[in-house]
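Residue numbers for the sequence shown follow the numbering used here, beginning at -8 and rising by one. Think of the CB as a built atom: it goes at the ideal place given N, C-alpha and C, for glycine as much as any other residue.
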Amino acid sequence: MRSSYQGLPASSKRRSFPRRHDLPMDEYAWPSGPEVPAAGLVRESWDATAAALPVEARITGKVIGPQRFGVFIRVDGVPYAIALAEIMAMPLGMDLPALGAFVSGEVIWHVAHNHQVKVRLDEWRAADE
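Okay, here's the thing in structure tokens:
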């Protein structure tokens, strides 16, 4: 059987995007700083967090950890809750909120294995309308 890659340059045979293990370790790091709850407390409080913030719940909070893939948010009124607004939900041409920015949004999903509440920010929703 002939390979569909025959005759293509070697560079065409490689993946065009990095695999997770190829990225620097800090790319997927938990945020750090005085406003970030300890990971153990976030983990221990996960059931209460998920119950307090069901899908479609409204949230407000402060950006505590900007990353290239999105921003981590300390959620107001829910101790040890960390939300993540990922760039996948961000409209083209928009920027991520800065560290310390106050934001609001809607819960769109729970990710139990890493104890995160996924949110879509209101400013992103408004830009789509």
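Enumerate in chain order the residues of its own chain whose CB-to-CB distance from residue i is below 8 Å, with the five nearest sequence positions on each side excluded.
i: E114; result: M85, P88 and V94
i: P82; result: W115, A118 and D119
Taking residue i as the reference, which of the options has the closest Cα?
i: R59; options: W21, P45 and A39; result: W21
i: G68; options: L44, G61, I78 and I55; result: L44
i: W37; options: V46, V108 and F63; result: V108
i: A103; options: P28, E35 and L112; result: E35
Apart from the five residues just before and just after residue i, which ones in its own chain have a Cβ nearer than 7 Å to its Cβ?
i: A41; result: H101
i: V62; result: V54, G56, A76, L87 and P88
i: M79; result: none
So, helix, strand or coil for residue i, using DSSP?
i: D17; result: Its pLDDT being 44, under 50, D17 is placed unreliably in this model, and the coordinates cannot settle the point.
i: H12; result: Annotation note: pLDDT 39 at H12 (below 50); position unreliable, coordinate value reported separately. It is helical.
Starting from the C-beta of residue i, find all residues in its chain whose C-beta is less than 6 Å away, skip the five residues before and the five after it, and write them out in chain order.
i: V66; result: I50, G52, A72 and A74
i: L32; result: Y71
i: M16; result: The pLDDT assigned to M16 is 36, lower than 50, so where the model puts this residue is not dependable; a value taken from the coordinates is nonetheless given after this. Cβ within range, chain order: n/a, list empty.
i: A92; result: V54
Give me the Cα-Cα distance between residue i and residue j, rounded to the nearest whole angstrom.
i: H106; j: A76; result: 14 Å
i: E47; j: E97; result: 6 Å
Inset, instruction - Can you check the stretch 27 to 115 for any alpha helix (DSSP H) of at least 4 residues that lies completely inside it and give the ranges in chain order? - result: Runs of alpha helix (DSSP H) with 4 or more residues, each lying fully within the stretch 27 to 115, are found at 30 to 35 and 37 to 43, listed in chain order.
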